[in-house]
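When we follow the working numbering, the leftmost residue of the sequence shown carries the number 7, and every step to the right adds one.
For glycine and all other residues, C-beta sits at the position ideal for the given N, C-alpha and C.
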Amino acid sequence: MEFLRLIAPSILSANFAKLGDEVTEVVGYGADWIHVDVMDGQFVPNITMGPIVVEWLKTVTPSPLDVHLMIVSPEIYIPEFIKAGAGSISFHAEATPHIHRTLQIIREAHVRAGVALNPSTSLNVLEYVLDDLDFVLIMTVNPGFGGQKFIPATVAKVQKLREWLDVTGHADVLIEVDGGINETTAGVMREAGANVFVAGSAIFGAPNRQTTINQLREAIENGAQRP
Ligand code: DX5
Ligand code: ZN
Numbered sequence: 007m008e009f010l011r012l013i014a015p016s017i018l019s020a021n022f023a024k025l026g027d028e029v030t031e032v033v034g035y036g037a038d039w040i041h042v043d044v045m046d047g048q049f050v051p052n053i054t055m056g057p058i059v060v061e062w063l064k065t066v067t068p069s070p071l072d073v074h075l076m077i078v079s080p081e082i083y084i085p086e087f088i089k090a091g092a093g094s095i096s097f098h099a100e101a102t103p104h105i106h107r108t109l110q111i112i113r114e115a116h117v118r119a120g121v122a123l124n125p126s127t128s129l130n131v132l133e134y135v136l137d138d139l140d141f142v143l144i145m146t147v148n149p150g151f152g153g154q155k156f157i158p159a160t161v162a163k164v165q166k167l168r169e170w171l172d173v174t175g176h177a178d179v180l181i182e183v184d185g186g187i188n189e190t191t192a193g194v195m196r197e198a199g200a201n202v203f204v205a206g207s208a209i210f211g212a213p214n215r216q217t218t219i220n221q222l223r224e225a226i227e228n229g230a231q232r233p
C-alpha cells in the first residue's frame, strides 16, 4: 500500500480579502488539500468561518477542502459542511460525547471522517472507533490560532498512534498533523508516521510560497532536515 503524504495549506493565515486567489495560488504550487479552520468562539477563543466559505471555495478550486471543526456540538453543523462540498471533515473528541455517531454522519455522506485531538487528549478515546475513522488529526499546538510554536511532546504521540494503527490492522488510517508545521517539524513528523501536513503561517507567511511548498515536499518525501 502506498504511504500517502499530503500538504494541506491552512487558509487561516491567508489574506481573507482575496481568499479565492490565495487558494488558487497555493494549489498551483502543488498543495494537495486546502485546510479550512472553523472556529465558533466557544470551543476555542476565536471565530472564523462557516459552510458558505466552503461552498464558495468549491467554485474556485478542484482540490479537496479539508474542514477542521473547532466547534461545540459539531454534529449539528456537519450536514451543512457536507452540503457545501467538504472533501474531509474532522471534529474534536473534546467537543462532543457522540464520537461514533458523528463519524457515521460524515461517512454515510461518503466524506472522509476524522477525529481531532488536542495536545493533552489521550489516544484512548479512539479505541472503539478505529473501524469508523478515515483519519486522525493530531493537534501539535493548542487549537485557536495560527502561528503558534510546535509542541514537541506530540512527536511521541504520533509515533504511538502510527504503531497502534499498524498493529491493529488500521494502517490505512491517515494521521494529520496541525500546528507549527514547517520544513523542520514536517520532517520530524514524517519520521513519526504522519501523512497529512497542515501548514498555515509557514506557507502563507513565506516570502516565496512556492519555495516553501517545495521545501515541505522535500521534508515529507525524504525525511527530517535536523538542525
Ligand atoms: C489552529 C489551526 C491550524 C492553524 C495552523 O487551531 O487548527 O490549522 O491554521 O497554523 P500554523 O501552521 O501557523 O501553526
Ligand atoms: Zn486546523
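Spatial neighbours of residue i in its chain, beta-carbon cut-off 8 angstroms, leaving aside the 5 residues before and after
i           : result
residue 117 : 88, 92, 93, 94, 95
residue 58  : 90
residue 186 : 146, 147, 154, 155, 156, 157
residue 139 : 109, 119, 120, 121, 132, 176, 179
Contact test: residue i Cβ vs ligand 1 heavy atom, cutoff 7 angstroms
i           : result
residue 79  : no
residue 195 : no
residue 208 : yes
residue 154 : yes
residue 161 : no
residue 25  : no
residue 186 : yes
residue 18  : yes
residue 76  : yes
residue 97  : no
residue 147 : yes
residue 150 : yes
Given residue i as reference, the closest of the options once Cα atoms are compared
i           : options            : result
residue 155 : 174, 163, 190      : 190
residue 129 : 114, 115, 145, 119 : 145
residue 164 : 135, 134, 188, 202 : 202
residue 135 : 99, 169, 86, 23    : 99
residue 22  : 49, 60, 13         : 60
residue 40  : 50, 25, 47, 48     : 25
residue 56  : 46, 141, 169, 8    : 46
residue 68  : 182, 29, 223, 9    : 29
residue 137 : 170, 35, 149       : 170
Beta-carbon proximity list for residue i, same chain, < 7 angstroms, skipping 5 on both sides
i           : result
residue 43  : 16, 18, 54, 74, 76
residue 218 : 208, 209, 212
residue 228 : none
residue 81  : 102, 104, 107, 108, 111
residue 127 : 99, 100
residue 160 : 125, 144, 146
Residues bridged to residue i (per DSSP)
i           : result
residue 203 : 13, 183
residue 145 : 184
residue 87  : Its beta-bridge partners do not exist; DSSP assigns none.
residue 157 : Paired residues: none, contrary to the question.
Proximal residues to residue i (C-beta, below 6 angstroms), its chain only, five neighbours per side dropped
i           : result
residue 206 : 16, 18, 19, 152
residue 37  : 13, 15
Residue i CB to nearest heavy atom of ligand 3 below 7 angstroms
i          : result
residue 47 : Judged by which ligands are present, ligand 3 is missing from the structure shown, whose ligands are ligand 1 and ligand 2.
Subject >> Under 6 angstroms, CB to nearest heavy atom of ligand 2: contacting residues >> reply: After applying the 6 angstroms Cβ criterion, the set is 16, 41, 43, 74, 184, 204.
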